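In the working numbering, the protein residues as written are 54 to 479.
For each residue, glycine too, the CB sits at the ideal point set by N, CA and C.
Since we're looking at a predicted model, the values are computed, not measured.
Heads up: the structure comes next, in structure tokens.
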Amino acid sequence: MGGIQYPHLNNLAKKIWQWCEERKIWLFASYINTNDNKDADEESRKTINPDIEMSLSEEAFTKIVHRLGQPEIDLFASRTNAKCDTYPTVSTGQGAYPGCSEALRLALIRRGTPEAALNLTIASLAKNTLKQYNVSFKLWWSFCRDNNLNSYEPSMSDVILFLTEQFDKGSAYGTLNSHRSALSLLLGGEVSADVRIKRLLKGAFKLRPSVPKYNSTWDPQVVLNNISNWPSNKDLSLEQLTKKLVILLALCTAHRVQTLSLIKLNNIKSDANGIKIIISDLIKTSAPGRDQPVLVLPYYYENKSICPATVIEQYLTSTKELRPTDVNNLILTWKRPHRAASAQSISRWIKQVLADSGVDTTVFGAHSTRHASTSAASSAGISLNVIRRTASWTKTSETFARFYKRPISDESDFAKSILGNNLNDQ
54 MGGIQYPHLN
64 NLAKKIWQWC
74 EERKIWLFAS
84 YINTNDNKDA
94 DEESRKTINP
104 DIEMSLSEEA
114 FTKIVHRLGQ
124 PEIDLFASRT
134 NAKCDTYPTV
144 STGQGAYPGC
154 SEALRLALIR
164 RGTPEAALNL
174 TIASLAKNTL
184 KQYNVSFKLW
194 WSFCRDNNLN
204 SYEPSMSDVI
214 LFLTEQFDKG
224 SAYGTLNSHR
234 SALSLLLGGE
244 VSADVRIKRL
254 LKGAFKLRPS
264 VPKYNSTWDP
274 QVVLNNISNW
284 PSNKDLSLEQ
294 LTKKLVILLA
304 LCTAHRVQTL
314 SLIKLNNIKS
324 DANGIKIIIS
334 DLIKTSAPGR
344 DQPVLVLPYY
354 YENKSICPAT
364 VIEQYLTSTK
374 ELRPTDVNNL
384 ILTWKRPHRA
394 ASAQSISRWI
404 KQVLADSGVD
414 TTVFGAHSTR
424 HASTSAASSA
434 GISLNVIRRT
444 ASWTKTSETF
454 ARFYKRPISD
464 ESDFAKSILG
474 NNLNDQ
């Protein structure tokens, strides 16, 4: 609400609140981090020195004492504005959670990182990693507040107690390991190196191991049979053509939706054999010394209705006049104004095609295309190395190793193996 600095805003907020109450409309306050609200926050503090400590006036306090008696303790005061001899203090200096990035900045400063290097250091973390660590940090700050601890200076016993508390609340091994990783970044490498914490996580793995999201998968042939019955590419609406494009890209490349959303026009190269797409943006598996992925989409003459390269060519033709000049992404939204499609939109479209094809989308999401296509490729005899390379897994990845047996080396064979199952069943 308006606060003591702006009584007129406070009164206006009350009127809005009362108006909503009369109509049974419920309002909820949202916290906006200072880093995301710098301009407004700065303006709100210009009329008063932010270093000034607010205090109840002596006149008002005297009236309160006269009517209610002398209090024994001042619960809402600090050393500089207390009205009683006794008041609470937090010797640890534990404050409110400042937000993920700010918490990391403070941690890095405390460990001697030069201020000029802070932004560069934090840039090493992916956006999704920060979101994941934000959950861990919020829980950690709450734990420290409840136990009167300094978030930046706990003992390893405190960290062990925190992880144990999260396990007791239902967290499995994977979640605890994520918390450990976040706290290691916040507090230093000793968290990951501590033998007791390693032993604790082993115990969590035995008692409550991570459960795979999918215990089974669906057959890509079901989806391919469905889209094979659609009208020809040139007769499809932009919505249908877009959905056909994204499902074929997902199945024939086995890449995450994030990767598909990053396909750029200038990185699409075609030749007599098909289309190759270089992914120049950083993705989840990008790392120093690791090659960026190349999506290989051959012409599939045996069944042109599901040929991914042909669909891309038609899509480029259909969107040529609609495409904004400042948009270089391949995949666009089909509704005006046409813009680059987000990963969330692409996921939704893939899921719609799955549902339309009879796949149970209450169980399987858009990411299941990755599991379905690699499993189908394995059944078709594609070697583990080709599948790893196609799906952009590391050479040491063992996640799917048990599925793959017979060696075939051609990069384009992955896509052909997915599409070929459809041909064999027609």
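Between the C-alpha atoms of Pro351 and Ala362, what's the straight-line distance to the nearest angstrom?
Translated into positions along the sequence shown, residue 351 becomes position 298. Translated into positions along the sequence shown, residue 362 becomes position 309. Here the C-alpha atom of Pro351 lies approximately 6 Å from the C-alpha atom of Ala362.
**Item:** 8 Å Cβ shell around Ile359 - same chain, five flanking residues per side excluded
**Value:** Walking along the sequence shown from the start, residue 359 turns up at place 306. Residues Leu277, Ile280, Ser281, Leu301, Tyr353, Leu472, Asn475 of the same chain have their beta carbon placed closer than 8 Å to that of Ile359, with the five preceding and five following residues left out of the count.
ask   = Per DSSP, what kind of secondary structure is Asn530 in: helix, strand or coil?
value = Absent from the model: residue 530. The displayed extent of the chain is 54 to 479, so no value can be given.
Going by beta carbon distance, what residues of the same chain come within less than 7 Å of Ser231, once the five residues before and after it are set aside?
Within the sequence shown, residue 231 is the residue found at index 178, counting from 1. Within the same chain, Ser231 has close Cβ partners Gln185, Ser189.
Among Val118, Leu260, Gln311, Asp211, whose alpha-carbon lies nearest the alpha-carbon of Ile399? In the sequence shown, residue 399 corresponds to position 346, counting from 1. Nearest C-alpha to Ile399 among Val118, Leu260, Gln311, Asp211: Gln311.
Item to complete: For the stretch 370–390 and the stretch 303–310, state whether three or more C-beta atom pairs, one from each stretch, are separated by less than 8 Å.
Response: Per the Cβ contact rule, the stretch 370–390 is not in contact with the stretch 303–310 (fewer than 3 Cβ pairs under 8 Å).
* When the Cα of Thr370 is compared with those of Asn326, Arg389, Asn286, Lys404, which residue comes out closest? -> In the sequence shown, the residue the question calls residue 370 occupies position 317. The alpha carbon of Thr370 has as its nearest neighbour, out of Asn326, Arg389, Asn286, Lys404, the alpha carbon of Asn286.
Check: Among Leu304, Asp344, Lys388, Val349, which has the Cα closest to the Cα of Ala325?
Finding: Here residue 325 refers to the residue found at position 272 when the sequence shown is read from its first residue. Between Ala325 and the set Leu304, Asp344, Lys388, Val349, the nearest pair of CA atoms involves Val349.
- Item | Proximity of Pro346 and Ile365 at Cβ, strictly below 8 Å | Translated into positions along the sequence shown, residue 346 becomes position 293. Translated into positions along the sequence shown, residue 365 becomes position 312. Not a contact, by the Cβ cut-off of 8 Å.
Can you tell me which of the three DSSP states Leu335 falls into? Along the sequence shown, one-based indexing puts residue 335 at 282. Leu335 falls in the coil class under three-state DSSP.
**Asked** Do Phe417 and Trp193 come within 8 Å of each other at the CB atom, strictly closer than that value?
**Response** Looking up residue 193 in the sequence shown gives position 140. Looking up residue 417 in the sequence shown gives position 364. In this structure, Phe417 does not lie closer than 8 Å to Trp193 by Cβ.
Taking only three categories from DSSP, how would you classify Gly227?
Stepping through the sequence shown from its first residue, residue 227 is reached at position 174. It is helical.
Contacts around Thr414, its chain only, beta-carbon distance under 6 Å, and the 5 residues preceding and following it disregarded: Against the sequence shown, residue 414 aligns to sequence position 361. Here the set comprises Lys404, Leu407, Ala408.
Discussion item. Within the continuous beta strand (DSSP E) that includes Asp324, where are the two ends?
Written reply: The residue you call residue 324 lines up with position 271 of the sequence shown. Here the beta strand (DSSP E) through Asp324 covers 321–324.
Host alpha helix (DSSP H) of Val412 (start-end) | One-based indexing of the sequence shown puts residue 412 at position 359. Membership of Val412 in any alpha helix (DSSP H) is not indicated, and neither H nor E is assigned to it by DSSP.
> Based on Cα-Cα distance, which residue from Ala149, Leu173, Ser245, Leu183 lies nearest to Asn203?
Replying inline: One-based indexing of the sequence shown puts residue 203 at position 150. Nearest of Ala149, Leu173, Ser245, Leu183 to Asn203, Cα basis: Ala149.
Point to revise | Nearest-angstrom Cα separation, counted from Ser410 out to Asn201 | key: One-based indexing of the sequence shown puts residue 201 at position 148. One-based indexing of the sequence shown puts residue 410 at position 357. Whole-angstrom Cα-Cα distance: 55 Å.
Smallest Cα separation from Gly241: which of Ser208, Ile69, Arg261?
Locating residue 241 in the sequence shown gives position 188, where the first residue counts as 1. Proximity to Gly241 across Ser208, Ile69, Arg261 peaks at Ser208, based on C-alpha coordinates.
Check whether the Cβ of Gly411 sits closer than 7 Å to any heavy atom of the ligand NAD, and report yes or no.
The model depicted lacks the ligand NAD and carries no ligand whatsoever.
Next item on the list: Please determine, among Gln274, Tyr368, Ser237, Ala303, the residue with the shortest C-alpha to C-alpha distance to Glu292.
Entry: Counting from 1 along the sequence shown, the entry for residue 292 is found at position 239. For the residues Gln274, Tyr368, Ser237, Ala303, the minimum Cα distance to Glu292 belongs to Tyr368.
Worksheet entry | Collapsed DSSP secondary structure at Gly486 in the structure displayed | Any question about residue 486 goes unanswered here, given that the chain covers just 54 to 479.
Under the three-state reduction of DSSP, which class applies to Pro361: helix, strand or coil? Stepping through the sequence shown from its first residue, residue 361 is reached at position 308. In the structure shown, Pro361 sits in a helix (DSSP, three-state: H, G or I).
Inset, instruction - Please classify Leu109: does DSSP put it in a helix, a strand, or coil? - result: In the sequence shown, counting from the first residue as 1, residue 109 sits at position 56. Coil, per DSSP.
**Message:** Going by beta-carbon coordinates alone, are Ile250 and Val275 separated by less than 8 Å?
**Reply:** Along the sequence shown, read from residue 1 onward, the residue named residue 250 stands at position 197. Along the sequence shown, read from residue 1 onward, the residue named residue 275 stands at position 222. Remark: C-beta atoms of Ile250 and Val275 do not approach each other more closely than 8 Å.
Discussion item. Applying the 10 Å Cβ sphere with the 16-neighbour rule, what's the burial state of Asp104?
Written reply: As a working note, residue 104 is residue 51 in the sequence shown. Here Asp104 scores only 45 on pLDDT, less than 50, and its place in the model is too uncertain to base an answer on.
**Asked** In terms of alpha-carbon separation, which member of Ala169, His61, Tyr226 lies closest to Gly256?
**Response** Taking the first residue of the sequence shown as 1, we reach residue 256 at position 203. Nearest option by C-alpha distance: Tyr226.
| query | Mind checking whether Leu253 and Leu216 have CB atoms under 8 Å apart? | reply | Locating residue 253 in the sequence shown gives position 200, where the first residue counts as 1. Locating residue 216 in the sequence shown gives position 163, where the first residue counts as 1. Taking 8 Å as the Cβ cut-off, Leu253 and Leu216 qualify as a contacting pair.
Using a Cβ-Cβ distance under 8 Å, would Asp221 count as near chain D?
-> Chain labels in this structure do not include chain D; a single protein chain is all it has.
_So for Asn382, helix, strand or coil by DSSP?_
Within the sequence shown, the letter at position 329 stands for residue 382. Here DSSP, grouped into helix, strand and coil, assigns Asn382 to strand.
* State the Cα-Cα distance for the pair Phe196 and Leu80, rounded to the nearest angstrom. => For the purposes of this step, residue 196 is identified with residue 143 of the sequence shown, where counting begins at 1. For the purposes of this step, residue 80 is identified with residue 27 of the sequence shown, where counting begins at 1. Near 28 Å, if we compare the C-alpha coordinates of Leu80 and Phe196.
Notebook entry, point to check: Do you know how far the Cα of Asn187 is from the Cα of Leu229?
Noted result: As a working note, residue 229 is residue 176 in the sequence shown. As a working note, residue 187 is residue 134 in the sequence shown. Distance between the alpha carbons of Leu229 and Asn187: 14 Å.
Check your understanding: In angstroms, rounded to a whole number, what distance separates the CA positions of Lys67 and Pro60?
Key -> Along the sequence shown, one-based indexing puts residue 67 at 14. Along the sequence shown, one-based indexing puts residue 60 at 7. Straight-line Cα distance between these residues: approximately 11 Å.
* Distance, Leu65 Cα to Leu109 Cα -> Here residue 109 is taken as the residue at index 56 of the sequence shown, counted from 1. Here residue 65 is taken as the residue at index 12 of the sequence shown, counted from 1. Rounded to the nearest angstrom, the gap between the Cα atoms of Leu109 and Leu65 is 24 Å.
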